[in-house]
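Below you'll find the structure, written out as structure tokens, and then a few comments.
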Amino acid sequence: MRIDLSGTTDEAYLVECCKRNDPAAQHILYNKYVEDMMILCLRYIAQHEDAKEALMDGFLSFFRGIGSFSYRGEGSVKAWMKKVMVNSCLMHLRKQDRNTILVADTTEYEHKEAGDDILGQLAAKEILRLLHELPDGYRMVFNLYVFEDMTHKDIAEMLGISESTSKSQLHRARALLQKQISQQTKSNENAIG
């Protein structure tokens, strides 16, 4: 017997239906989160088709693994889905051997506070463009630290690098983003003036 789930927004119920492989529940969760998850994938993977492939792989992993998921209230589905998508993006990049930029950094990281709000003044589309211009290693560490709120220790474990490499990659990503923003600001001022 098929249950009509149209209009259902109760995530706990949808999760239980997905655990029983109900395609209608899967479709509802997919439609609810596909746009947010695509934006997440595009933060990690510059090529739209590659990001879309990682997105599809991520949803497949999400639905395959939903049996081990425990619903913990509002937001828990999205939080778990984000983790699955980040892992899907990183696996996609590894398959393409694009993260070779993450090499051990033997120099000691110099902590220079670069404003965490360096992207605050830009539109989402512009932020995405600037992130895509970063080398893959910088972009991965920046995304994991800034958007996924991971520690350098967690990033190092996830990517198989040292904590100092994670710190230096983040520092370099921030410096490069600040340089790009500065150049863009000067370019905009010259166009106006």
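In UniProt numbering, the protein residues as written are 1 to 193. Don't be surprised by glycine CBs; every beta carbon is placed ideally from N, CA and C. Since the structure is predicted, the reported quantities are computational estimates derived from the model, not experimental observations.
inquiry  = Using only the alpha-carbon positions, how far apart do S70 and K83 sit?
reply    = 14 angstroms
query = What three-state label does DSSP hand S162 in the structure shown?
reply = coil
query = So is E49 buried or exposed if we call it buried at 16+ other beta carbons inside 10 Å?
reply = exposed
task = Report all residues from its chain with a CB closer than 6 angstroms to the CB of I66; omit the five preceding and five following residues, and keep chain order.
result = C18, K19
ask   = Over what stretch of residues does the alpha helix (DSSP H) that includes R94 continue unbroken?
value = 76-95
Segment limits, alpha helix (DSSP H) that includes A46 = Where A46 is concerned, there is no enclosing alpha helix (DSSP H), given that its DSSP letter is neither H nor E.
key: Under the three-state DSSP convention, the category G73 falls into   = coil
ask   = L131 and R139 look like a contact to me (Cβ under 8 angstroms); what is the Cβ gap, rounded to whole Å?
value = 6 angstroms
The stretch 87-95 contacting the stretch 51-61, beta-carbon criterion three pairs below 8 angstroms = yes
task = Would you kindly check if the distance between the Cβ of L170 and the Cβ of Y145 is under 7 angstroms?
result = yes
task = Tell me whether the beta-carbon of L14 lies closer than 7 angstroms to the beta-carbon of A25.
result = yes
request  = Less than 8 angstroms between the CB atoms is what I'm expecting for Y33 and M81, so what's the real figure, rounded?
outcome  = 6 angstroms
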